[in-house]
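All remarks here apply to the structure that follows.
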Amino acid sequence: SQQGEEDPQALSIQEGENATMNCSYKTSINNLQWYRQNSGRGLVHLILIRSNEREKHSGRLRVTLDTSKKSSSLLITASRAADTASYFCATDISGGFKTIFGAGTRLFVKA
Amino acid sequence: DAGVIQSPRHEVTEMGQEVTLRCKPISGHDYLFWYRQTMMRGLELLIYFNNNVPIDDSGMPEDRFSAKMPNASFSTLKIQPSEPRDSAVYFCASTGTGQETQYFGPGTRLLVL
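Line by line, the protein sequences give chains D and Z.
Residues are numbered in the working numbering as their position in the first sequence, beginning at 1, plus a constant of 19.
Residues are numbered in the working numbering as their position in the second sequence, beginning at 1, plus a constant of 21.
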């Protein structure tokens with residue numbers, strides 16, 4: 020089964036609203052990353068948070084990590100129509116380059 | 022930099038035919054990954070290479086799948102014979118030692134009829 024599981028599977032919001040996506044994982048990690056995938060395109064890296072970090076910001080993105088609960092959240096503030104995409108969390112299993120991706124959250128931002 | 026290059030972008034073939042997907046990683050990257058993405062199974066890691074050597078191929082679904090990396094700038098993923106259930110988008114990604122993020126190509130959309 021997949022290491023990372025995103026929640027919700029799909030999210031529809033109005034432009035200007037905040038979007039929150041959650042990710043849960045099962046085993047110990049070195050870091051957790053979030054990627055975005057626009058329809059018909061490859062994945063693009065957004066942000067990485069290490070296992071010893073609790074929160075990280077990048078522009079309108081805010082990521083939190085709770086290793087005790089094995090969970091992470093991605094917050095996109097003041098969403099835009101261009102944020103419409105699928106968002107995946109990815110975990111780097113300790114000791115290797117084997118990155119496991121979750122099933123993704125489909126975000127739709129209505130203009 | 023041109024990014025990760027994959028070819029072809031789209032492939033339609035008939036069951037039983039051989040399919041070869043190609044990837045050119047970003048220059049200087051020494052890790053290369055092949056992924057498969059389907060609606061049912063999501064994004065799955067098939068195999069990855071380091072310095073042209075396969076490190077983990079545990080995700081390769083069957084013996085019908087094979088991957089090679091003859092040099093640092095080229096890799097192939099071959100399916101022989103292809104089956105309809107192989108229909109998916111296949112992504113190649115690369116990264117460099119010391120980097121923790123992967124750079125994805127645009128993918129090859131494969132349809133096996």
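Built from N, CA and C at the ideal position, the CB exists for glycine as well.
* Is there a Cβ from chain D that is less than 8 Å from the Cβ of Z:Gly117? -> Taking Cβ atoms only, chain D never reaches closer than 8 Å to Z:Gly117, which makes this a no.
* Along chain D, which residues have their Cβ under 8 Å away from the Cβ of Z:Phe112? -> Gly61, Leu62
* **Endpoints, the beta strand (DSSP E) within which D:Glu24 is located** => 24-26
* Asked: Run through DSSP, which three-state label would Z:Arg62 get?
  -> Note: Z:Arg62 maps to coil in three-state DSSP.
* So what does DSSP say about D:Ala101, is it helix, strand or coil? -> In this structure, D:Ala101 counts as helix in the three-state DSSP scheme.
* Name the DSSP beta bridge partners of Z:Glu32, please? -> Z:Leu131
* Using a Cβ cut-off of 7 Å, which residues of the segment 65-82 of chain Z contact any Cβ in chain D, in chain order? -> Leu66, Tyr69, Asp77
* Asked: What whole-angstrom Cβ distance do D:Asn41 and D:Ser92 have, given they're in contact under 8 Å?
  -> So it is a contact: roughly 5 Å between Cβ atoms.
* If D:Leu80 and D:Ile66 are in contact, beta carbons under 8 Å, what's the gap, nearest whole angstrom? -> The pair is a contact, with the Cβ atoms about 6 Å apart (cut-off 8 Å).
* Asked: Along chain D, in chain order, which residues have C-beta atoms closer than 8 Å to that of Z:Gly37?
  -> Within chain D, no residue comes near Z:Gly37; the closest Cβ sits about 28 Å away, beyond 8 Å.
* To do: Measuring only between beta-carbons, confirm whether D:Ala29 sits less than 8 Å from chain Z.
  => no
* **D:Gly123 at chain C interface by Cβ criterion, 8 Å** => Looking for chain C here will not work: the only protein chains present are D and Z.
* Asked: If we cut at 8 Å on Cβ distances, does Z:Thr122 have a partner in chain D?
  -> yes
* Short-range partners of chain D found in the segment 29-57 of chain Z, where Cβ spacing is below 9 Å -> Tyr52, Phe54, Tyr56
* Where Z:Leu86 meets chain D, residues with beta-carbon distance less than 9 Å -> First, the amino acid is wrong: residue 86 of chain Z is Phe here, not Leu. The contacting residues do not exist; Z:Phe86 stays about 17 Å from chain D at best.
* Measure the Cβ-Cβ separation of Z:Pro105 and Z:Met36 and say whether it is below 8 Å. => yes
* Shorter than 8 Å from the beta carbon of Z:Pro127 to some beta carbon of chain D? -> yes
* CB of Z:Ala109 within 8 Å of CB of Z:Leu131, strictly -> yes
* Verify whether the separation of the beta carbon atoms of Z:Gly2 and D:Gly61 is less than 8 Å. => Given that chain Z is displayed from residue 22 to residue 134, the structure contains no residue 2 of chain Z and the question cannot be resolved.
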